[in-house]
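There are 2 protein chains.
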Amino acid sequence: MENIKLKILDQAKKLFNDKGVSNVSIREIAREIGISHSNLIYHFKDKNLLLTHLHQQILDAAVEINREISKEENTLKSVFISTVKGFKIIYDFRFFMIDFNSILLENKELHQQIKEIEAFRYNLYEVKIAKMIDEEIFRNEVYKNEYADLISQIRIFSDYWVSSSQVYEQYPQSSIKKYARLFLCHFRPFLTPKGHKMFIQLLSEFEL
Amino acid sequence: MENIKLKILDQAKKLFNDKGVSNVSIREIAREIGISHSNLIYHFKDKNLLLTHLHQQILDAAVEINREISKEENTLKSVFISTVKGFKIIYDFRFFMIDFNSILLENKELHQQIKEIEAFRYNLYEVKIAKMIDEEIFRNEVYKNEYADLISQIRIFSDYWVSSSQVYEQYPQSSIKKYARLFLCHFRPFLTPKGHKMFIQLLSEFEL
DNA sequence: AATTTATTAGTACATTTGGACTAAATTACG
DNA sequence: CGTAATTTAGTCCAAATGTACTAATAAATT
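From first to last, the protein sequence lines are chains A and B.
So that you can map any letter, position 33 of the first sequence is 33 in full-length UniProt numbering, and since no number is skipped, the others follow by simple counting.
So that you can map any letter, position 194 of the second sequence is 194 in full-length UniProt numbering, and since no number is skipped, the others follow by simple counting.
Here's what the structure looks like:
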């Protein structure tokens, strides 16, 4: 991608993070990087297109994480890695989750895409947990659909921790690790003694 | 409060829920109820004031719930009651949680107030859990601050489940119970056998 | 009844925004 | 070198919004 397009996307991201998507106009983005608004429109015809491209950057980063952890044979550790790295990305693009609903309200294709990604993500956790039950890191379900519930719960946490941190934390940036730990602790009650030992080991390894 | 003010607040709530706070103008609210926009401004000088009043309605409803459950001597049941009733209120005022961050970004006093309420809410859960540990409904902590983590986790869930439901559910209204159940299931791994029996009994009692 | 106060509506204005259109400048390339 | 495509900037327009101001009407008070 040409330099100018990246420059526009970077500035858009910065302004969206600072002021919220709806409070930033095409004109303001253009002004900030010193080009005319018609020029910006030439590259991205509207805000939705900017958002679509920025979302693509998020997806690319997510794919890269999945690629990295596919080499990790320790399943629990792979969850730690993807959490820590994923949470950094979410913070970097926090405007996207903070304005999640209004963005999707105005971009139906993106909304559809998000739903598909969610199904994929659900499946990912399902597989990982099944594997870890097999490895006797996680215990078996004590009631039906217990892990289905867990996955639904952590979906909301991972989607909205960054919004919550903006509201309640004085320095949201420095609380990324705090929320990553809080996320991972969702799994803690389901660990076998063996799994719990690994978990504690990983907590200190990742400095959480 | 006079009829006209309530009418304005009701219409504002409806439009905010439907279109998102930032997509609704003072003029549109006035138009919908057939008064002039200057008239609306006479009653509420800007959108922030509308939001402050609507938030007060939420608080009043929350206080009413707390008053009701204070009579309930079964602690776990009181949690069920406040969850089911509270989730209905959140749905009724869903715009508030969906646009939580942008609302608080533009209303510093409200932001401050929300932080204080959060501290109060944290304390409430702390007390309830301590009581239920005492009643041998909840088990003791197996690691330090385990319940502090739990309370932080459920805070995010209860703040953002309605946002998530708007994104992923076809009929958000009919999924209120689903999310109430999902919320309550956060407590499930921490229940004693006795507590678990009560929990299952309450699930069916509340049709969750 | 007279006067004050509360409520409602109308108008005018400056600003912002997205979008269309044109034209100039730069780059690519045959 | 010259031509076409790409990139950039400037201008104009219509719609929407918040805000201020004025005037009219209704309600309350003395």
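We treat Cβ as the ideally placed atom computed from N, Cα and C, and that holds for glycine.
Under the assumption that residue i contacts residue j (Cβ atoms under 8 Å), give the Cβ distance between them as a whole number of angstroms.
i                            : j                            : result
phenylalanine 96 of chain A  : leucine 59 of chain A        : Their Cβ separation, rounded to whole angstroms, is 11 Å, which puts phenylalanine 96 of chain A and leucine 59 of chain A out of contact at 8 Å.
serine 175 of chain B        : serine 165 of chain B        : 5 Å
glutamate 32 of chain B      : leucine 50 of chain B        : That pair is no contact at about 13 Å.
phenylalanine 183 of chain B : phenylalanine 157 of chain B : 6 Å
alanine 180 of chain B       : threonine 83 of chain B      : 5 Å
tyrosine 160 of chain A      : tyrosine 125 of chain B      : Actually they do not touch by this definition, with Cβ atoms about 18 Å apart.
lysine 177 of chain B        : leucine 208 of chain B       : 6 Å
valine 79 of chain A         : lysine 128 of chain A        : 6 Å
Let's see if you can read the secondary structure: which residues bound the alpha helix (DSSP H) around residue i?
i                         : result
glutamine 57 of chain B   : 47-69
asparagine 101 of chain A : 100-105
valine 24 of chain A      : Where valine 24 of chain A is concerned, there is no enclosing alpha helix (DSSP H), given that its DSSP letter is neither H nor E.
serine 165 of chain A     : 146-168
leucine 76 of chain B     : 75-92
Does DSSP classify residue i as helix, strand or coil?
i                            : result
phenylalanine 44 of chain B  : coil
leucine 208 of chain A       : coil
phenylalanine 138 of chain B : strand
Counting only C-beta atoms, is residue i closer than 9 Å to chain B at any point?
i                        : result
aspartate 149 of chain A : yes
valine 24 of chain A     : no
glycine 195 of chain A   : no
valine 84 of chain A     : no
leucine 6 of chain A     : no
leucine 105 of chain A   : yes
tyrosine 91 of chain A   : no
glutamine 166 of chain A : yes
residue 211 of chain A   : As shown, chain A starts at 1 and ends at 208. That puts residue 211 of chain A outside it, with no answer to give.
Between residue i and chain A, is any beta-carbon pair separated by less than 9 Å?
i                            : result
proline 172 of chain B       : no
phenylalanine 120 of chain B : no
serine 152 of chain B        : yes
histidine 55 of chain B      : no
aspartate 159 of chain B     : yes
valine 79 of chain B         : no
residue 209 of chain B       : Residue 209 of chain B is absent from the structure shown; chain B starts at 1 and stops at 208.
valine 127 of chain B        : no
serine 102 of chain B        : yes
isoleucine 98 of chain B     : yes
leucine 182 of chain B       : yes
The ligand NAD and residue i: does any heavy atom of the ligand fall closer than 8 Å to the residue's C-beta?
i                         : result
asparagine 145 of chain B : This structure does not include the ligand NAD; it has no bound ligands of any sort.
So does the segment 40-48 of chain B actually touch the segment 65-73 of chain B, counting three or more Cβ pairs closer than 8 Å? no
Counting beta carbon pairs with one atom in the segment 112-124 of chain A and one in the segment 199-207 of chain A, are three or more of them shorter than 8 Å? no
Counting Cβ pairs, one atom from each stretch, are 3 or more of them under 8 Å apart for the segment 132-143 of chain B and the segment 187-195 of chain B? yes
Three or more C-beta pairs under 8 Å: does that hold for the segment 94-109 of chain B against the segment 71-85 of chain B? no
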